[in-house]
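Structure first, then comments.
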Amino acid sequence: MWNWLKQNFLSPKSFYASTTPLLPWMTIAFVLCFGYGMIDGLFIAPADYQQGDGFRIIYVHVPSAFAAMAIYLMMAVAAFITLVWRVKIAAICMSVSARIGAWFTFLALVTGSIWGKPMWGTWWIWDARLTSMLILFFLYVGFIALQSVISDQQNRERASAVIAIVGVINLPIIHYSVIWWNTLHQGPTLSQFAKPSIAPAMLHPLLAMIAAFMLFYGLILLLRMRNQILLRDAKSQWVQEVFAK
Amino acid sequence: MNIGYLLNILNMGGYGFYVWPAWCITLFVFGFNLFLFAREKKQLKKILQHQSRQSI
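Chains as they are written, first to last, in the working numbering: chain A, -13 to 231; chain B, 2 to 57.
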């Protein structure tokens, strides 16, 4: 079963072919989610009774922070598959995810800082949530740096996979930091689905923006993975055929 | 469009100085990721073209 899966779906050639029809649908879904989230989040959702219109930063801050963590988890799963089963696609996924995840973490830190100035009166504070997010950014950067200094492909993939797996410990720390420690950062808003601490009129554009960020990640991931696959298999017959089209 | 309405949107209840840059940075990051992909694809094309010439 695993060998069949590996040969028929996880092989670079079949991956390339099977992701081609997904791209236009993902693009359409991203444009719709982002368009709705942006218009509703910026102009339609009511202003917060305490934070006024300043709360509209959460429509980019929360999705970027959510995506940064989700991408790291995805990267760690890919790293595990790379270490155990040595699937080429997983190694490429891990490498590309790190590059996108680092940008999303950077975005979460910057937008959080911009939000912090009017709300807390400071751009930065060594709060548990902020510090753990900064550590996540360093993990991404460390992963990318490690990949760029090891020339041997197999060693590079193994070493970076270990870093990715070890770094997973930071994810629950980020998530529960606002519960475990007395922080300036507000508590979780979305993890309490039974009793969400956000009004539906504000929640809907937020969910749309989270979907948009994840779709953008998926889209860039597939596009860049496809580039990497073509580059790795550049000498093979099927790549020459794809290139000739 | 009424200029007063436009100014009101830009002002964002006094938070425009923070809200708009946050959104602009987001759009920049999205755009830059697309640019990185496009640059990678361009480089890839060059490599593949070079290889196909060599094989001929």
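Even glycine gets a Cβ: it sits at the ideal position worked out from N, Cα and C.
Going by C-alpha positions, Phe92/A is about 26 angstroms away from Arg144/A.
If you check the CB distance, Val82/A and Arg210/A come in under 7 angstroms.
Between Tyr19/B and chain A, the shortest Cβ-Cβ separation is below 7 angstroms.
In this structure the region 86 to 105 of chain A touches the region 54 to 70 of chain A; the number of beta carbon pairs closer than 8 angstroms is three or more. In this structure, the beta-carbon distance from Ile130/A to Ala84/A falls below 7 angstroms. For the set Phe199/A, Gly23/A, Glu227/A, Ser4/A, the Cα lying nearest the Cα of Gly32/B is the one of Phe199/A. Cα atoms of Leu208/A and Met188/A: separation of roughly 31 angstroms, rounded to the nearest angstrom. In the DSSP assignment, Gly21/A falls within the unbroken alpha helix (DSSP H) covering 8 to 25. Non-local beta-carbon contacts of Ile43/A in its own chain, meaning distances under 8 angstroms to residues more than five positions away in sequence, involve Thr97, Ile100, Trp101 in chain order.
Residue-level contact check: Gly204/A does not touch chain B, since none of the beta carbons of chain B fall below 7 angstroms from its beta carbon.
Here Leu132/A has Ala145, Ser146, Ile149 as same chain residues with Cβ atoms under 7 angstroms from its own Cβ, once five neighbours each way along the sequence are excluded.
For Asp39/A, the secondary structure class from DSSP, reduced to helix, strand or coil, is helix.
One finds Asn34 in chain B with Cβ atoms closer than 7 angstroms to the Cβ of Ile86/A, taken in chain order.
From the beta-carbon of Thr6/A, no residue of chain B is found nearer than 7 angstroms; the closest lies around 15 angstroms away.
Taking a Cβ-Cβ cut-off of 9 angstroms, the neighbours of Gly14/B in chain A comprise Ala33, Gly38, Asp39, Gly40, given in sequence order. When only Cα atoms are considered, Leu157/A and Tyr16/B end up about 31 angstroms apart. Chain-order list of chain A residues neighbouring Lys42/B: Asn213, by C-beta distance under 7 angstroms. Shown here for Lys103/A: same chain residues with a beta carbon closer than 8 angstroms to its own, the five before and five after excluded, namely Trp109 in chain order. Ala88/A is a Cβ neighbour of Tyr126/A, given a cutoff of 7 angstroms. Taking Met12/A as the centre and dropping the five residues before and after it, the same chain places the C-beta of Leu201, Gly204, Leu205 closer than 7 angstroms to its C-beta, in chain order.
Between the region 105 to 125 of chain A and the region 16 to 34 of chain A, the count of Cβ pairs shorter than 8 angstroms is below three; the stretches do not touch. Among the residues of chain A, those whose CB is under 7 angstroms from the CB of Leu45/B are Asn213, Leu216, Leu217, following chain order. For Trp101/A, the chain B residues whose C-beta falls within less than 8 angstroms of its own C-beta are Tyr19, Ala23, listed in chain order. For Ala62/A, the closest alpha carbon among the candidates His161/A, Thr6/A, Val135/A, Ile151/A is that of Ile151/A. Excluding sequence positions up to five before and after Pro32/A, its CB lies within less than 8 angstroms of the CB of Ala185, Ala187, Met188, all in the same chain and listed in chain order. Between Asp219/A and Val225/A, the CB-CB gap stays under 7 angstroms. Beta-bridge annotation (DSSP): Asp34/A is paired with Gly38/A.
Cα atoms of Met105/A and Asp34/A: separation of roughly 12 angstroms, rounded to the nearest angstrom.
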